[in-house]
Every structure is written in structure tokens, then in C-alpha cells.
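Residue numbers (the numbering used here): -16 to 457. Heads up, the thing below is written out as C-alpha cells.
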Amino acid sequence: LKEWIVLKEKFGDRVRYIVPPIPDKTNPDIMPNLNTYGYLSGANALDEEFLENPEIKKYIDDSKCTIILLENPPYRDITAQDKTEIKEKSFIYKKFIEAGTDQASHREMDNLFIWSAFKYYLRQPNDSYILFSPIKYYKSLHLVNKTFMDGYLFNREHFHAGPSAISCIWWKNVEEENEVINLKMYNIVNGMLKFEGSKEIKKVYKTFNVFNEKRNFSTDIETDICVEGGTGLQTTKHVKKKAKYNKNIVGYLRATSFNLNPNSRCLTRTITRDALEQSYGYYLRDDNFETKLPLFCAKLYSPNEWHNKDIYFTTADKGELYIKDKEFLKRCLIYTCLSHVNNSKHFTATNGTEYKNELTLINKKTKAYKKLNQLIAMSSPLNSKEKEMITAFNEIVKYCKNNCEEFDNKINYGLAQIEDEINLRIKELKADGSEKTVAKYGDLDNMIRDFKKSLSEYYKDYIEDDLFKYELLK
């Protein structure tokens, strides 16, 4: 309602029709009614009533009228509550489903607006759509195959959000297939508009799902053991599927969708309980797990510059070309085994079975260490940076062994398990009697902080470029 009031005051005398209309034109202070959901009655642009409004439809039906649609649609995913409303009430939602879409498309509200723009409003070659929206609709969903006229990237930090890229594009209503578009980048620096170059936006087609491990082994054993928070536990009764145990299983990987976010990636010692329920991810086997770790590394890409955020997606568009590069596989193996995001933790399950962490370089007995030696033989010896990082990790383990009561000699530690089980936080009294939280082992905490910085530098200097080269990032 507040937005409607502001728009009416600013543009009311400059438009042909206001939706919803002012109930009594003789008294402009009267406000329109609110519907059950708290929105303005008659103003739902996804409703058939809106589309069939005679005051709007007369322009759509007029061939002498050129339509320029300027839109900033809502971007959010439809929540469970919203889904009920939209499924029951939205004409556009139902038509979008009938046209054939996947789950990811029709549960995001902006897609409904974008699709309906071309379906119901733009009719002639001179019609245009100026769309302010995240680039996903073009890049991965391919909702728009029209003539690109011009476009920009802006920093969402200046639109009440965090620093990231959002596009503003002028599409002409003429069919045209394009694989790449170039957008001019503008930011606001010290209160001034600043041009920061251009950005190439490429369409993407295949997710990492094409790389999923589908093999089953006759030696696989069904079990009730899964992990949650790194700890082995028995599955709950409502989970119908069984987990797997095999000596050749070294981990469980989730690397799904095009997205770069924590929900699309996870690496654990065995299957997680939510993965068992939802059937995503796959087991890593000891004969080829090194070929899957670059997918995990790609999912960890986290750009610092605003114009690189929400622009790059993970893809399988170049297929298995990356597997031929043994040096690249070696680097991804090293990074994964040293990373704190690798949650492959060593534990003893509730049924007594020991699940050793094999994706760590803590000693020469782990399967990762043996695989590293094989890759070195097929590529090149460790460089100075790699030697430095492995040495630094060993120093962290040595410190834990000599100084930390929580250390267990029987465990193959990775950095994640060291952080969770040894690098603890404790309460400490301040001079004024209040409490503060500090690291139990200050030196260890500093060592880990420096180590993570070194890991980040290694990723940027030795892995990132090849992720783009092989279009694992695109």
C-alpha cells in the first residue's frame, strides 16, 4: 500500500491508468482495499483478472500501440505458504506449469513475471522489455531468447542488499539465439557513478549431475549409519532407504545445481541423513575419487569483487576434459584435503564400525596421500607453496598432539575436525566481572587463521583459472 501511495503521488498524473484504480476519483485520498493476503485488491499481476483488465487490455490489443515494459520483479523463492497462495490463485503460475518448466523455474516468482511478459504483453517487433533482475533467467533458465539491445550490471549494495551483481537489460521483442552478452558495469564510489568496464555473460547448460557416480558394487553392505554434524548415528525410522558401507568408499559428495552456495555442496565421510531422505549426492570410491574433487573445489568459489558475485555458475559444459589434466587433479586433491570445508570426519559409528578419514594428508597411510603420490608421478613434484601448506598442516597437528587434551592419536584429523573438536571456545572473566569468549588454545587459533589465508591464496593462484578453463565455473 505504501509503495502504491508513493507511485501514485510521483506518477499519477503522468500515466494512462493506475492499477488498482483509485476507488473514488473525486476523492484521491481514498485508498484501495487490501485482500486476504494483505496486498492491494485487483493489483496481482499474476492473476487473470489483471491481464483481462479492459483498461490494460485495450493497449495490448491495439497494434498501433508500442509497448515498453519496464519491470523489477520480486526475486524470492516461493515459500511453502506462498506456494499455496500462488497455486490456488495465480493464473500465470498455472499457465507457466502447462508450458512445461522444471521445479527450479516455477518456484521462483521473478520467472513467472518474466515469462508472462513475453507471453501476454509483448506482441510486435518494436515492443521492448527493460528488465532489472538477477541474470539467472537468461544464463541458466533460458527464459529469454530475444534480441539483446543494451545492458548493465549494477552493484546490489546500493539497492538495500549485499555487494553482488544485478542486471538491467533492454530486450527487443525479436527472436534471436545468443550464447554471450556483454554488460557494462557501473558502481557508486564516493557518491559518484563509476564505470568499471564490461562483463561477458555466458549461457550455461549442464549441471554437475552428469558427473554423478552411479556404480554399485556387489561388496556394498546396507547399513543404518549416516552422519549429521560429522557424527555417526543410526538413521531415523521414517527414512526408508539404506545407507551403504564399503571399504572402497572414502566419502560422500554433494555438488548439485548451478548455484554457488553452501546448500549446493557438501563433503562428508559417508552419506548425510538429509541426503538419504532426499536422494542427492553420491559415494566417492577409492579408484576415482580424485576426479570428483574438482567439482567440490568449484563449488567453493567465493569472489571478492561485487561484479563477480551471482554471475558465475558451476557447469559441466566442457564435460570430462578436466580429468585429463593430472596437475589440476593434484592441486584440487591437495586443496580439498587441507580445507576446513571438507567435513570428512573420522568417527566410530553407533554400531561399532570405524569410519576413518581418508581425505586428509595427516599421514602417508591415508588413501588421499597414496593418490597424491600417484598424481605426482603423472604430473610434477610438489611446488614450494604446496610443501609449505602441507608442512603448516603438520605443524597444526603437532601442536594439537603436544598441547591439547582433546587430541586423540587414533583419529585421522582433517582441519574441520580439529576446528570442531580441539580448537574450542571458552568463557573468560573480564576485569569488570563480565564474560568474554576466547580461544582455549590461542596459538592454535592463530595458526589455523594463518593457514586458512594461505589456503585461500593457493586456491586463487593455482586452481581458480583452471576451473574457468574447463568451464567447471562459467
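Here a beta-carbon is modelled for each residue, glycine too, at the ideal position from N, C-alpha and C. Since the structure is predicted, the reported quantities are computational estimates derived from the model, not experimental observations.
According to the DSSP secondary-structure assignment, Asn138 is paired through a beta bridge with Ala148.
Between Leu53 and Ile113 a beta carbon distance of about 5 Å is seen, short of the 8 Å cut, so the two are scored as contacting. Bridge pairing for Ile232: Arg268 [DSSP]. In the displayed model, Ala226 falls within a strand according to three-state DSSP. When DSSP states are grouped into helix, strand and coil, Gly(-5) belongs to the helix group. One Cα belongs to Lys368, the other to Phe376, and the distance between them is close to 12 Å.
Under the 10 Å beta carbon count, Lys129 is surrounded by 16 or more other beta carbons and is classified as buried. Here Val421 is bridged, per DSSP, to Ile409. If you look at Ser181, you'll find it in the beta strand (DSSP E) that goes 175 to 185. Around the CB of Val172, fewer than 16 other CB atoms lie within 10 Å, so the residue is classed as exposed. CA-to-CA, the gap between Gly234 and Glu162 works out to about 37 Å. Straight through space, the alpha carbons of Glu389 and Val421 are spaced by roughly 17 Å. Within the DSSP bridge table, the entry for Tyr338 names Phe330 as partners.
The C-alpha of Asp391 is placed about 19 Å away from the C-alpha of Met430.
Rounded to whole angstroms, the Cβ separation of Ile345 and Tyr396 is 6 Å, and the two are in contact under 8 Å. When C-beta atoms of the region 201 to 211 are compared with those of the region 221 to 230, three or more pairs fall below 8 Å, so the two segments count as touching. Classified as exposed, Thr374 has fewer than 16 neighbouring CB atoms from the shown chains inside 10 Å of its CB.
A Cβ-Cβ separation of about 5 Å places Leu259 in contact with Cys209 under the 8 Å criterion. Excluding the 5 residues flanking it on each side, Pro57 has same chain C-beta neighbours closer than 7 Å at Met92, Asp93, in chain order. In terms of Cα proximity to Gly174, the closest of His141, Arg106, Cys387, Phe279 is His141.
Here Thr130 carries a strand assignment [DSSP, helix/strand/coil].
With fewer than 16 other beta carbons inside 10 angstroms of its own, Gly145 counts as exposed. Three or more pairs of CB atoms, one per stretch, sit closer than 8 Å, so the region 438 to 456 contacts the region 293 to 308. Taking C-beta separations shorter than 8 Å and ignoring five residues to either side along the sequence, the partners of Ala26 in its chain run Trp(-13), Val2, Pro3, Pro15, Phe33, following chain order.
Listed as beta-bridge partners of Lys155 by DSSP are Ser111, Thr130. The alpha carbon of Phe241 has as its nearest neighbour, out of Leu278, Tyr0, Asn109, the alpha carbon of Leu278.
A direct Cα-to-Cα measurement between Phe311 and Ile446 gives close to 7 Å.
Cβ-Cβ separation between Leu29 and Phe74: approximately 7 Å, consistent with a contact (criterion under 8 Å).
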